[in-house]
Amino acid sequence: MDKDRVKGSAKQAKGQIKEAAGTVLGDAKLKSEGKADQAAGKVQNAIGGVKDSLRGK
């Protein structure tokens, strides 16, 4: 498993936590940061998947 996949998954989880905290606290900025982190994590995870595919794993 590529390190980008691990980092991407962690970033997605962090984003979900930030989004939930923003929702609970009523903080729109925190909520939007969480959504942005999730999107970035998905992209990084996808890049890691491509790297894994190229390696034949």
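Read in order, the letters of the sequence shown are residues 0 to 56 in numbering that gives the first Met the number 0. Cβ atoms here follow ideal geometry from the backbone N, Cα and C, with glycine treated the same way.
Residue burial is scored here from C-beta neighbours: residue 54 has fewer than 16 other C-beta atoms within 10 angstroms and is therefore classed as exposed. The DSSP-derived three-state label of residue 3 is helix. Per DSSP, the unbroken alpha helix (DSSP H) holding residue 51 starts and ends at 27 to 54. The beta carbon of residue 34 is closer than 7 Å to those of 14, 18 in its chain, skipping five residues each way along the sequence.
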